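Have a look at the structure below before the remarks.
Numbering (the numbering used here), first residue to last: 0 to 325.
Below you can see the structure in the form of structure tokens.
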């Protein structure tokens, strides 16, 4: 499934919901589940059962594990049949089962991750960064520790934004840059997780755009702290639109990543040459530390895929699109 979180306007105000993509619509999974159950029971009982199995909050839904995902799959199939037969299918209490994209505001798949850890799992980007940002020579570019452990940093949860959210360019910088990465969400709580079991803890994957300010970043990192304001500002951690469930993406090795700016292709390459995997990072992080449902892990970008590496810079008003493919 391609799971999403979104905000929709109703007669009672704006509400956050979870859904899945089907037939070019966003299906409200809780509403679809309610309608599914209402075929065999009264509306109130159907709603209670649906909200218990497929709650309208992504973290609560992921905490439901396999039973919740199985029920969501049935609800999505049911809604798909209704969408093929009806222009605007409704639930037992008049609730809509699906929305057009223009009717919703996209949120990050997990709007408020408990924790964000962004790794550098593809070390070619790290090498290029040392050269371009800090003018460090080839022989000194890669610390030995970077080869021995999966390095990561912890962005702010307050910086998370959803698909199509306008980027707020910080007034203290002239060089805003993008980093398109793959992100993974935790679907099963754990501690001291072996790397060979870590995949069982991944709920699914999403696209991640980790924005940064290249004129601020070198000074912050030179102090052996940070990144700080070079990476954390409103809308700087863009996630989504979808959480693609892990069963639909059994391997993330060699995924194609295409980046377009105003329709022009700036990068077309592969997520390859992994020094470490998501499983390695989860195992490392979970040493004597619990990882929780909804926690987010970033891969870091492939080499030559970000602005400072190719000396191309986005400007106010630019429109960016990124697409991973097989």
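Yeah, the Cβ is synthetic: ideal placement off N, Cα and C, and Gly gets one too.
All values derive from a computational prediction rather than experimental measurement.
Simplified DSSP assignment, three categories, for residue 109: As a working note, residue 109 is residue 110 in the chain shown. Three-state DSSP puts residue 109 in coil, outside helix and strand.
Rounded straight-line distance, which links the Cα of residue 122 to that of residue 138: Within the chain shown, residue 138 is the residue found at index 139, counting from 1. Within the chain shown, residue 122 is the residue found at index 123, counting from 1. With a pLDDT of only 49 at residue 138, under 50, the local geometry of the prediction cannot be trusted, and the value read off the model is given with reservation. A straight-line Cα-Cα distance of about 15 angstroms links residue 138 and residue 122.
Contact the region 144-159 vs the region 265-285: 3+ CB pairs below 8 angstroms: Contact between the region 144-159 and the region 265-285 is present, because at least three Cβ pairs lie under 8 angstroms.
Nearest-angstrom Cβ-Cβ length linking residue 295 and residue 182, presumed shorter than 8 angstroms: Locating residue 295 in the chain shown gives position 296, where the first residue counts as 1. Locating residue 182 in the chain shown gives position 183, where the first residue counts as 1. Yes, residue 295 and residue 182 are in contact; Cβ-Cβ is about 6 angstroms, under 8 angstroms.
CA-to-CA distance, residue 3 to residue 103, given in whole angstroms: Sequence index remark: in the chain shown, residue 103 carries index 104 (1-based). Sequence index remark: in the chain shown, residue 3 carries index 4 (1-based). Cα to Cα, residue 103 sits roughly 11 angstroms from residue 3.
Beta-carbon gap between residue 214 and residue 174 smaller than 8 angstroms: On the chain shown, position 215 is the one that residue 214 refers to. On the chain shown, position 175 is the one that residue 174 refers to. Between residue 214 and residue 174, the C-beta gap is smaller than 8 angstroms, which places the two residues in contact.
Residue 192 versus residue 285 - alpha carbon distance: In the chain shown, the residue the question calls residue 192 occupies position 193. In the chain shown, the residue the question calls residue 285 occupies position 286. Cα-Cα distance, rounded: 6 angstroms.
6 angstroms CB neighbourhood of residue 208 in its chain, flanking five on each side removed: If you number the chain shown from 1, residue 208 lands on position 209. 177, 179 and 237, listed in sequence order.
Alpha-carbon to alpha-carbon, residue 51 and residue 57: Within the chain shown, numbered from 1, the residue matching residue 57 stands at position 58. Within the chain shown, numbered from 1, the residue matching residue 51 stands at position 52. Here the C-alpha atom of residue 57 lies approximately 13 angstroms from the C-alpha atom of residue 51.
Minimum C-alpha distance to residue 145 - residue among 160, 126, 55 and 263: For the purposes of this step, residue 145 is taken as residue 146 along the chain shown, with counting starting at 1. Per the Cα distances, 126.
Short Cβ contact (8 angstroms threshold) for residue 32 with residue 74: As a first step, residue 32 is located in the chain shown; it is residue number 33 there, counting from the start. As a first step, residue 74 is located in the chain shown; it is residue number 75 there, counting from the start. Result yes, Cβ atoms of residue 32 and residue 74 sit closer than 8 angstroms.
Nonlocal neighbours in the same chain, by C-beta distance under 6 angstroms from residue 318, ignoring five residues either side: By one-based count along the chain shown, residue 318 stands at place 319. Excluding five sequence positions before and after residue 318, the CB atoms of its chain that fall closer than 6 angstroms to its own CB belong to 261, given in chain order.
Contact under 8 angstroms by Cβ, residue 242 with residue 91: One-based indexing of the chain shown puts residue 242 at position 243. One-based indexing of the chain shown puts residue 91 at position 92. With respect to the 8 angstroms criterion, residue 242 and residue 91 are not classified as neighbours on the basis of their beta carbons.
Distance between residue 35 and residue 292 (C-alpha atoms, nearest Å): Reading the chain shown from its first residue, position 293 is the one you call residue 292. Reading the chain shown from its first residue, position 36 is the one you call residue 35. Cα to Cα, residue 292 sits roughly 27 angstroms from residue 35.
Element boundaries [beta strand (DSSP E), containing residue 268]: In the chain shown, the residue the question calls residue 268 occupies position 269. Here the beta strand (DSSP E) through residue 268 covers 263-270.
Segment contact flag, the region 158-171 with the region 219-233, C-beta cutoff 8 angstroms, min 3 pairs: With a cut-off of 8 angstroms on Cβ pairs, the region 158-171 is in contact with the region 219-233, counting three or more such pairs.
Complete runs of the alpha helix (DSSP H) confined to the region 69-124 [at least 4 residues]: If only uninterrupted alpha helix (DSSP H) runs of at least 4 residues are considered, none is enclosed by the region 69-124.
Buried versus exposed call for residue 142 [16 or more other C-beta atoms within 10 Å across all chains shown]: The residue you call residue 142 lines up with position 143 of the chain shown. If you draw a 10 Å sphere on the C-beta of residue 142, you find fewer than 16 other C-beta atoms in it, and that means exposed.
Buried/exposed call for residue 165, threshold 16 Cβ in 10 Å: On the chain shown, position 166 is the one that residue 165 refers to. Residue 165 comes out exposed.
Cβ shell of residue 304 (< 7 angstroms), same chain only, five flanking positions each side left out: Against the chain shown, residue 304 aligns to sequence position 305. Residues of the same chain with a CB within less than 7 angstroms of the CB of residue 304, apart from the 5 flanking positions on each side, are 179, 256, 258, 266 and 268 in chain order.
Delimiting residues of the beta strand (DSSP E) encompassing residue 237: The residue you call residue 237 lines up with position 238 of the chain shown. Run containing residue 237: 236-238, per the beta strand (DSSP E) assignment.
Helix, strand or coil at residue 67 according to DSSP, with G and I counted as helix: Walking along the chain shown from the start, residue 67 turns up at place 68. Note: residue 67 maps to helix in three-state DSSP.
Under the three-state DSSP convention, the category residue 184 falls into: Counting from 1 along the chain shown, the entry for residue 184 is found at position 185. Of the three classes helix, strand and coil, the one that applies to residue 184 here is strand, per DSSP.
Residue nearest to residue 20 in terms of C-alpha spacing, selected from 6, 232, 0 and 11: Working through the chain shown from its first residue, we reach residue 20 at position 21. Residue nearest to residue 20 within the set 6, 232, 0 and 11 is 0 (criterion: CA-CA distance).
CB of residue 110 within 8 angstroms of CB of residue 159, strictly: Reading the chain shown from its first residue, position 111 is the one you call residue 110. Reading the chain shown from its first residue, position 160 is the one you call residue 159. Yes. Within cutoff.
Beta-carbon gap between residue 235 and residue 118 smaller than 8 angstroms: The count along the chain shown starts at 1 and reaches residue 235 at position 236. The count along the chain shown starts at 1 and reaches residue 118 at position 119. Not closer than 8 angstroms, so no.
Local conformation of residue 208 per DSSP, three classes: If you number the chain shown from 1, residue 208 lands on position 209. Secondary structure of residue 208 (DSSP, three-state): strand.
Where residue 256 sits in the DSSP three-state scheme: For the purposes of this step, residue 256 is identified with residue 257 of the chain shown, where counting begins at 1. In this structure, DSSP gives residue 256 an extended state, which the three-state scheme calls strand.
Helix, strand or coil at residue 138 according to DSSP, with G and I counted as helix: In the chain shown, the residue the question calls residue 138 occupies position 139. Only weak support is given to the placement of residue 138: the predicted model assigns it a pLDDT of 49, under 50, and the question is left unresolved by the model.
Beta-carbon separation (whole angstroms), residue 79 vs residue 124, contact threshold 8 angstroms: As a working note, residue 79 is residue 80 in the chain shown. As a working note, residue 124 is residue 125 in the chain shown. No, residue 79 and residue 124 are not in contact; Cβ-Cβ is about 40 angstroms, not under 8 angstroms.
Where the beta strand (DSSP E) through residue 9 begins and ends: Counting from 1 along the chain shown, the entry for residue 9 is found at position 10. Going by DSSP, residue 9 is part of the beta strand (DSSP E) stretching over 1-9.
Coil, strand or helix - residue 33 by DSSP: Position 34 of the chain shown, counted from the start, is the residue given in the question as residue 33. If DSSP states are grouped into helix, strand and coil, residue 33 belongs with the helices.
For residue 95 and residue 30, believed in contact at Cβ under 8 angstroms, the rounded distance: The residue given as residue 30 occupies position 31 in the chain shown. The residue given as residue 95 occupies position 96 in the chain shown. Going by Cβ atoms, the distance from residue 30 to residue 95 rounds to 7 angstroms, so yes, they are a contact pair.
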